[in-house]
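A.B. asks: Pasting a structure below so you can have a look.
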């Protein structure tokens, strides 16, 4: 009676393993890099627009004949406000893709 085996669980043993991530392709890594650079470029444009709008406001405040510069500053602010959703739409997927690429590189998973 001592050589009896314990009862086995029904089903395949691999059905209970955590799913393995597919290795990232070269195209996936390239798109992650492109989204990251687009994020940087959009953020730089937004910072430049903010600085230029402040300069426009200072110039418009200094001379009443340059009142149009104040309106241009407002137009730049509207452009900055419109660029925020675009920045988020590019930055969030880019960061997630870069994190996946970095995790697979650290894990030593070969790429295609």
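Numbering (this note's numbering), first residue to last: 1495 to 1606. By construction, the Cβ of each residue, glycine as well, lies at the ideal position given by its N, Cα and C atoms. Predicted, not measured: the structure shown is a model, and the values here were computed from it.
1. Taking the alpha carbon of residue 1577 as the point to measure from, which residue in 1519, 1520, 1538 and 1522 has its own alpha carbon closest?
2. Would residue 1584 and residue 1518 qualify as a contact pair, given that the criterion is a beta-carbon distance under 8 Å?
3. Using only CA atoms, which one of 1563, 1548 and 1572 lies nearest to residue 1554?
4. What are the complete alpha helix (DSSP H) segments, minimum 4 residues, inside the stretch 1516 to 1603?
5. Considering only the beta carbon of each residue, do residue 1612 and residue 1543 sit closer than 8 Å?
C.D. replies: Inspection of the coordinates gives the following:
1. On the chain shown, position 83 is the one that residue 1577 refers to. Of the candidates 1519, 1520, 1538 and 1522, the one whose C-alpha sits nearest the C-alpha of residue 1577 is 1538.
2. On the chain shown, residue 1584 is found 90 positions in, with the first residue counted as 1. On the chain shown, residue 1518 is found 24 positions in, with the first residue counted as 1. Taking 8 Å as the cut-off, the Cβ atoms of residue 1584 and residue 1518 do not count as close.
3. Position 60 of the chain shown, counted from the start, is the residue given in the question as residue 1554. Cα-wise, what sits closest to residue 1554 is 1563.
4. 1520 to 1556 and 1562 to 1601
5. Residue 1612 lies beyond the stretch modelled for the chain, which goes from 1495 to 1606, so this question has no answer here.
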